[in-house]
């Protein structure tokens, strides 16, 4: 990374260096360095350096020596923080919550988005623009405000939901479905628009052929439309899974409305709590690194899988 | 079916509208979706006068973080994406590979080390602690590269070079105008991303005067269980915070639809 920018500067001066053996592309070290420098610096300063720093921090712990009068000292613990995190029942509980959340929310939200996109795409739907817009609107609402709106709607003395729902939406058993609902509400329209646009690109001759072959609308959707937009579906899947892993804002906001969301309810809340409440930076860094690793691995696996399937 | 989906999406926003017109008393005694006594002006007055009008400061901050951040960030991304697509330079592949990895790093994993670094540089509780990290948008570079490859023909750049135009001038005068739709798309993406970001301001800021809207409203909401008088403030404030965005989306319909979906076709 640092090589790229320093390399660019070294050959700099903005002079036209002529064609290279690399291909048609002319070589412009100086100009490229200038154009890329702002982003490269930001990437180093706000992504690469923090990632490196988190890796470093995760290997150390702050210990109070003696009676604590001399202040904390930093001690190398190798993978000790990681061992602490993965054996911490609070962390495991958070991981369990997010896993359960993802198992419910990902199919529900993507499935809902897909069904709505298919309905709007099929000729039956009138007023397409109005439907598209109505379902899309929640995307314009930031996570905090979505959490607040639903928090009020769930709360027993204000909102209408607790009186009709079979379980208390803010109780110990209801809170997970409640968070699933907030995220589904926010993201269904966004994914719907993306799926809908992909559906518009399915060749009309293909649909016509299916119709001539006697396929009904449902059969057409399953065997013609869905396979055609598979890459788009996978991209939606990756982003939704990464989003689920990072679940933070909605549960944090709901804490104002219920005691059912603990301070370590998701791994992201665990990181926040370890760092800014408990002040244990080593543990928080280890949990951050684990979270980053898992989301990188998961998205790599899904992308790999999607590349193979769509070929 | 579509009707249910539309109601599900719109009803919570309707609730926000009806509730922001109610007095604190009506709020808990009238049913959720009906209008009670018209109390909106009083709620607005309370909202804007609370804590010396801090709400207006939050609104201004949100516009600064998201508005300036989106335009400046998009320009930075577009310049880099264009260079990666159209200019050969040492380290080009490395830069792009690292950028792609950057897309995968979750913001929650970055927040703690960013905070500690910011405190080293004494940037905690400043505008820059929130603004600089949100300016970085690796996905924007990816998009810009795709757009540059599709929209800027090599022949045009060649012609500009023959006419003696410098590389930077060529980018700003020739390539950037050709990439305009892509550039606007990246602005939109980044705007929504910054507008929605909550973790970073939460971690970096303690001075309420620097808060963006969502952090400010969150802070008020943590008080409602003890002080119910914050309820109308939170609700009316939330309405004012989402209304401009919803109006902007309605007005810019065509732009955002082509914009949002451009990123999904990989």
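Residue numbers (this note's numbering), protein chains in the order written: chain A, 3 to 313; chain B, 305 to 570.
Cβ atoms here follow ideal geometry from the backbone N, Cα and C, with glycine treated the same way.
Top-ranked residue by Cα proximity to residue i, from the options
i	options	result
residue 188 (chain A)	A:115, A:235, A:222 and A:260	A:115
residue 86 (chain A)	A:292, A:250, A:161 and A:301	A:292
residue 258 (chain A)	B:526, B:481, B:556 and B:438	B:526
residue 474 (chain B)	B:488, B:458 and B:485	B:458
residue 109 (chain A)	A:243, A:301, A:134 and A:281	A:243
residue 482 (chain B)	B:448, B:511, B:539 and B:403	B:448
residue 521 (chain B)	B:309, B:326, B:351 and B:427	B:351
residue 478 (chain B)	B:495, B:452, B:346 and B:308	B:452
residue 250 (chain A)	B:511, B:503 and B:529	B:503
residue 124 (chain A)	A:101, A:77, A:197 and A:140	A:197
residue 489 (chain B)	B:439, B:462, B:558 and B:418	B:558
residue 333 (chain B)	A:230, A:288 and A:160	A:160
residue 206 (chain A)	A:241, A:175 and A:230	A:230
residue 548 (chain B)	B:496, B:476 and B:511	B:496
residue 132 (chain A)	A:183, A:195 and A:45	A:195
residue 438 (chain B)	A:169, A:45 and A:211	A:45
residue 120 (chain A)	A:41, A:307, A:241 and A:193	A:193
Beta-carbon separation (whole angstroms), residue i vs residue j, contact threshold 8 Å
i	j	result
residue 156 (chain A)	residue 178 (chain A)	With 8 Å as the limit, residue 156 (chain A) and residue 178 (chain A) do not qualify as a contact, their Cβ atoms being about 13 Å apart.
residue 266 (chain A)	residue 93 (chain A)	7 Å
residue 147 (chain A)	residue 542 (chain B)	5 Å
residue 98 (chain A)	residue 138 (chain A)	Contact flag wrong, Cβ pair sits at about 33 Å.
residue 491 (chain B)	residue 375 (chain B)	6 Å
residue 222 (chain A)	residue 209 (chain A)	6 Å
residue 49 (chain A)	residue 406 (chain B)	5 Å
residue 54 (chain A)	residue 77 (chain A)	Their Cβ separation, rounded to whole angstroms, is 20 Å, which puts residue 54 (chain A) and residue 77 (chain A) out of contact at 8 Å.
residue 533 (chain B)	residue 344 (chain B)	No, residue 533 (chain B) and residue 344 (chain B) are not in contact; Cβ-Cβ is about 16 Å, not under 8 Å.
Beta-carbon spacing of residue i, residue j below 9 Å
i	j	result
residue 245 (chain A)	residue 185 (chain A)	yes
residue 279 (chain A)	residue 305 (chain B)	no
residue 393 (chain B)	residue 31 (chain A)	yes
residue 271 (chain A)	residue 256 (chain A)	no
residue 433 (chain B)	residue 506 (chain B)	no
residue 33 (chain A)	residue 354 (chain B)	no
residue 518 (chain B)	residue 500 (chain B)	yes
residue 410 (chain B)	residue 297 (chain A)	yes
residue 420 (chain B)	residue 61 (chain A)	no
residue 415 (chain B)	residue 274 (chain A)	yes
residue 38 (chain A)	residue 340 (chain B)	no
residue 336 (chain B)	residue 324 (chain B)	no
residue 494 (chain B)	residue 377 (chain B)	yes
residue 112 (chain A)	residue 122 (chain A)	no
residue 96 (chain A)	residue 269 (chain A)	yes
residue 359 (chain B)	residue 544 (chain B)	yes
residue 486 (chain B)	residue 446 (chain B)	no
Backbone CA spacing between residue i and residue j [nearest angstrom]
i	j	result
residue 35 (chain A)	residue 387 (chain B)	9 Å
residue 553 (chain B)	residue 103 (chain A)	30 Å
residue 82 (chain A)	residue 56 (chain A)	15 Å
residue 372 (chain B)	residue 215 (chain A)	55 Å
residue 342 (chain B)	residue 136 (chain A)	26 Å
residue 338 (chain B)	residue 331 (chain B)	10 Å
residue 444 (chain B)	residue 380 (chain B)	9 Å
residue 142 (chain A)	residue 550 (chain B)	6 Å
residue 524 (chain B)	residue 450 (chain B)	43 Å
residue 408 (chain B)	residue 301 (chain A)	8 Å
residue 363 (chain B)	residue 213 (chain A)	53 Å
residue 321 (chain B)	residue 539 (chain B)	9 Å
residue 25 (chain A)	residue 397 (chain B)	Note that residue 25 (chain A) scores 47 on pLDDT, short of 50, meaning its location in the model is unreliable and no value can be drawn from it.
residue 261 (chain A)	residue 154 (chain A)	15 Å
residue 227 (chain A)	residue 201 (chain A)	7 Å
residue 314 (chain B)	residue 151 (chain A)	12 Å
residue 441 (chain B)	residue 51 (chain A)	15 Å
residue 403 (chain B)	residue 436 (chain B)	17 Å
residue 515 (chain B)	residue 368 (chain B)	11 Å
residue 217 (chain A)	residue 555 (chain B)	39 Å
residue 225 (chain A)	residue 308 (chain B)	26 Å
residue 144 (chain A)	residue 107 (chain A)	18 Å
residue 312 (chain B)	residue 295 (chain A)	35 Å
residue 80 (chain A)	residue 282 (chain A)	15 Å
residue 466 (chain B)	residue 460 (chain B)	10 Å
residue 180 (chain A)	residue 263 (chain A)	11 Å
residue 23 (chain A)	residue 233 (chain A)	Because residue 23 (chain A) sits at a pLDDT of 40, beneath the cut-off of 50, its placement in the model cannot be relied upon, and the point is left open.
residue 573 (chain B)	residue 290 (chain A)	Nothing in the structure corresponds to residue 573 (chain B), since chain B is present only between 305 and 570.
residue 299 (chain A)	residue 347 (chain B)	48 Å
residue 101 (chain A)	residue 512 (chain B)	35 Å
residue 252 (chain A)	residue 149 (chain A)	5 Å
Distance cut-off 8 Å: residue i Cβ against heavy atoms of the ligand COA
i	result
residue 258 (chain A)	By its list of ligands, the structure shown contains no ligand whatsoever, and the ligand COA lies outside what it can speak to.
Residue(s) in a DSSP beta bridge with residue i
i	result
residue 448 (chain B)	According to DSSP, residue 448 (chain B) bridges with nothing at all.
Contact list for residue i against chain D, beta-carbon separation under 9 Å
i	result
residue 369 (chain B)	The structure shown contains no chain D; the protein chains it does contain are A and B.
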